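Novice:
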Amino acid sequence: MVYNMENEWKQEVNMTKSAMIRARMDPHLKEEAESILEELGISTTQALT
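In my numbering, the protein residues as written are 1324 to 1372.
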């Protein structure tokens, strides 16, 4: 990722290609979200990346 500001200052940041995300949510909400994502043809992981 490169940040380019008006004064032409640049900083390059190398980010890792993987990270773990954990979240607690209502099981019903999770099922609804997974159902919608399935209709869209994408996985939960694809939706987050």
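Every residue, glycine too, gets a C-beta built ideally from N, C-alpha and C.
Here the structure is a predicted model, which means the values were calculated and not measured.
Looking at the unbroken alpha helix (DSSP H) that takes in alanine 1356, where does it start and where does it end?
Specialist: Where alanine 1356 is concerned, the enclosing alpha helix (DSSP H) stretches over 1350-1363.
Novice: Helix, strand or coil: how does DSSP classify alanine 1390 here?
Specialist: A query on residue 1390 cannot be resolved here, the shown segment of the chain reaching from 1324 to 1372 and no further.
Novice: Between the beta-carbon of glutamate 1357 and the beta-carbon of threonine 1367, is there less than 8 Å?
Specialist: Yes. Within cutoff.
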